[in-house]
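First comes the structure, then the notes that go with it.
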Amino acid sequence: PLVADAEMLGTPDPQLAATMGFSGFGKKARTFDLEAMFEQTRRTAVERSRKVLEAREREKEDQTEKEFRIPLTDSSASASSATADTSTLTERGTACSESEDSSDEELTGPSVQSQSSAKGPSEDTDDDDEFIGPPLPPGFKDSDDDNDDDTEEEDNNPVKKIPDSHEITLQHGTKTVSALGLDPSGARLITGGYDYDVKFWDFAGMDASLQAFRSLQPCECHQIKSLQYSSTGDVILVVSGNSQAKVLDRDGFPVMECIKGDQYIVDMTNTKGHTAMLNSGCWHPKIKEEFLTCSNDGTVRTWDVNNEKKHKSVFKPRSIQGKRVIPTTCTYSRDGKLIAAACQDGSIQIWDRNMSVHTKFHCRQAHASGTDTSCLTFSYDGTILASRGGDDTLKVWDIRQFKKPLNSADGLPSFFPMTDCCFSPDDKILVTGTSVKKGGGSGKLFFFYRETFQKLYEIEVTDASVVRCLWHPKLNQIMVGTGNGLAKVYYDPVKSQRGAKLCVVKTKRKERQAETLTQDYIITPHALPMFREPRQRSTRKQLEKDRLDPLKSHKPEPPVAGAGRGGRVGTHGVTLSSYIVKNIALDKTDDSNPREAILRHAKEAEENPYWVAPAYAKTQPKTVFAEVEPEDDETDKPEWKKRKI
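For what it's worth, my numbering labels the leading residue of the sequence shown as 154, then goes sequentially.
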């Protein structure tokens, strides 16, 4: 037996216990027999297991009689065998529990487990052991299976993956949005247009007013052709209508500008840069310092951000006759090993990045000759190339069999040299936009199934052309640039992540009232300190200080209505000047004819003479007027005496 520590310490003095205020010092500590406790626990567990097993056996017997109607003899035999099994299991559980110095749960657990395993899978129908037993019939379906089927059906229907339930509109300007770019994380969007502006949009920093946080013109008066973030998202490639591409940092400050080549050199390989207008450009998907540009000088050049004095390599596309041809768009493959360019003669030419002399793949009649192929893009798996032609077609190619397109769709008008096409994040859908003339309907966004090129879906974007489209894989949102200066973002609250969802939930910030100076502030930098006025640090603080001043914050007295009072003159009618002004304003007589105005007073002057008549009463009692002489006839006068009119 184990004795508590309190008993070992001994019983303290009763006087000390009374002094300290403890009343329990005089009691003897209890002793505990652990072996007796374990034995009692074991017996309780065995008894509980026996009751549970007997109850289950009774349930089995009842169920067997109802369902299978087994004869009485078979039923009794089964019951006896089950009883034997029960006794065997009980003994086994007892032996196991005696060998284990454990708690009640550990003793109870093995007995139940051994019972369930001894019965076999066909006899167990308890809810706790629902996973043990014969397989379910093939026609049986649980609710979880129905949910899985719904999910699988949604996965099989690619239209349900298009995030178009909600949209927001970003107002870039009034002219065509010709460039779109999203950083790899999807936090910032940049837009460029024909108005030479590049605008920066931060989804996390915007509120519901949807205003850009920065706008600049990096290339002066040149239209923006292409904008793209690097693979790390720290710099931006800007391709405009001039011959020099620029690289900006995330905040729009210049990092480097490509050099301009010598336009008087015939061989474009010997020039350090482009000599004509740029058409397109993009970053290397793996190497963050390398980017690619193509130009009207007939070359495709690769550049290094750290070396702006000269290009890295030059690729010169050639026509079937070996002449120079202008590339209209260019791109890297997904692994960065191939460089593809589409040319004005309708061809698509692909080079190995490390071999710039001969093409690795080429298709001479990919699109109609003389049209500008506006976009080339590789699928995410790297095996399919999609091309958006100026001949109103969209085609997909297998570059290993480059003679004939896998699929093609026509009737897709394109009026812009940068009309886009892109793949969905799961690589199953191909997206492109269409152009319309002014007043000719709505520009649409078309979705094609990549394998069969069946048109799955279309979105009417706006009453102008759809130029740029971008489907970000992380955000699962679709950005669209239009011909009327709008950048639209399509998203789904459930399928999409972050992006536009961050800014639509924020309320518009309250506009701050224009802060005005409360009083004139005279700047006297050379005045003595005793005459110098204290500088106003903040207009808001000055306004709060003036509000506490009773003189400055005194409300002006309203004007006095009616007669004056309290030493203040009324508004009108009290002074002579105000009386005259009031009467003059009320006089509506028409003095347009002065003779009639005078004769109006003739009768009154004759009856009551006051001014003129009394003065002539003695000398001229009867008024004499001058006789009107007839005008002389000027017909008999000489010419020099006649009046000149």
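Backbone N, C-alpha and C define an ideal beta-carbon position, used for all residues, glycine too.
Under the three-pair Cβ rule at 8 angstroms, the stretch 527-537 does not count as touching the stretch 508-516.
Thr424 sits buried, since 16 or more C-beta atoms from the chains shown fall within 10 Å of its C-beta. Apart from sequence neighbours up to five positions away, the residues of its chain that approach Ile582 with a beta-carbon distance below 6 angstroms are Pro311 and Phe600, ordered along the chain. Rounded to the nearest angstrom, the gap between the Cα atoms of Ile440 and Gly634 is 28 angstroms. Counting C-beta pairs with one atom in each stretch, the stretch 392-407 and the stretch 367-379 have three or more that are closer than 8 angstroms, which means they touch.
Annotation for Ile751: the continuous alpha helix (DSSP H) segment containing it runs Pro747 to Leu752. As computed with DSSP, Pro407 is found in a beta bridge with Leu401. Leu333 carries a strand assignment under DSSP once its states are collapsed to helix, strand and coil.
The C-alpha of Asp450 is placed about 10 angstroms away from the C-alpha of Gly426. By the Cβ-count criterion, Arg693 is exposed, with fewer than 16 other Cβ atoms from all chains shown falling within 10 Å of its own Cβ.
For Val589, there is no enclosing alpha helix (DSSP H), since its DSSP letter is neither H nor E. Leu323 is bridged by DSSP to Ala640. For Leu547 and Phe606, the gap between their C-alpha atoms comes out near 10 angstroms. If you look at Thr692, you'll find it isn't in any beta strand (DSSP E); it sits in the alpha helix (DSSP H) that goes Thr692 to Leu701. The alpha carbon of Pro316 has as its nearest neighbour, out of Glu220, Thr585 and Trp624, the alpha carbon of Trp624. Distance from the CA of Asp544 to the CA of Leu559, rounded to the nearest whole angstrom, comes to 17 angstroms. Partner residues in the beta bridge of His625, as assigned by DSSP, are Gln630. Under DSSP, the beta-bridge partners assigned to Ser448 are Leu431.
The three-state reading of DSSP puts Cys372 in coil, since its state is none of H, G, I, E or B.
Counting only runs of 4+ residues, the alpha helix (DSSP H) found wholly inside the stretch 181-226 occupies 187-220, in chain order.
Contact between the stretch 466-474 and the stretch 429-440 is absent: fewer than three C-beta pairs spanning the two stretches fall below 8 angstroms. With contacts defined by Cβ atoms closer than 9 angstroms, Thr329 and Val642 do not form a contacting pair. DSSP places Val765 in no alpha helix (DSSP H); its state is neither H nor E.
Relative to the Cα of Leu445, the nearest Cα in the group Asp525, Tyr485 and Ser472 belongs to Tyr485.
Apart from the 5 residues on each side of it in sequence, Thr452 sits with its Cβ closer than 6 angstroms to the Cβ of Met421, Val467 and Lys469 in its chain, given in chain order. DSSP lists Leu538 as the bridge partner or partners of Phe531. If you draw a 10 Å sphere on the C-beta of Pro791, you find fewer than 16 other C-beta atoms in it, and that means exposed. Shown here, Met421 sits in a helix according to DSSP, grouped into three states. At a cut-off of 3 residues, the continuous stretches assigned as beta strand (DSSP E) that sit fully inside the stretch 487-520 are 491-496, 501-505 and 514-516. Leu342: member of the beta strand (DSSP E) spanning Arg341 to Gly346, first to last residue. By the neighbour-count criterion, in which 16 or more other beta carbons inside 10 Å mark a residue as buried, Asn309 falls on the exposed side. Residues Asp360 and Ala361 of the same chain have their beta carbon placed closer than 7 angstroms to that of Thr660, with the five preceding and five following residues left out of the count. Looking at the backbone, the Cα of Thr194 and that of Lys213 are separated by about 29 angstroms. For Leu655, there is no enclosing beta strand (DSSP E); the residue is part of the alpha helix (DSSP H) that begins and ends at Ala653 to Val657.
Inclusion of Arg403 and Val419 in the CB contact set at 9 angstroms is not warranted, their separation being larger than that value.
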